[in-house]
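A quick write-up on the structure given underneath.
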Amino acid sequence: HMALMYDMSISIGYIPKGRVIGLSKIPRIAEMCCKRLQLQEKIGEDIAEVISLATGSNDVIVHITSSHSCMSARGIKSTDSQTTTLTTKGVFNEDH
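Here the sequence shown is numbered in the numbering used here, starting from 209 and rising by one per residue.
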């Protein structure tokens, strides 16, 4: 069922470490990471890793909220369900 469509909103943040990438690169990276069939959690991990590699920063956060059609079209048919995942690296992963 994970091959069904989903509507996803992705927010990405990072703390630059001397290198800042252009704003257009961020959605390109997200789109590239979403092209394969995979779990939402893995998409967040992949985006965080590519942003980290592209910027040289280990301080990355990725927030994903999505509506999966497997929840609205199958099973419980919950049209208002959303799934949220948060991937953190570096300072975003520390307890404050």
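Glycine residues also receive a C-beta, built at the ideal position from the N, C-alpha and C atoms.
Excluding the 5 residues flanking it on each side, N266 has same chain C-beta neighbours closer than 7 Å at S260, K297 and G298, in chain order. Between F300 and V258, the C-beta gap is not smaller than 8 Å, which leaves the two residues out of contact.
It is roughly 5 Å from the alpha-carbon of I220 to the alpha-carbon of V270. The DSSP assignment places complete alpha helix (DSSP H) segments of no fewer than 4 residues inside the segment 247-273 at 248-263, in order along the chain. In this model, L231 and I237 are separated by some 10 Å (Cα to Cα).
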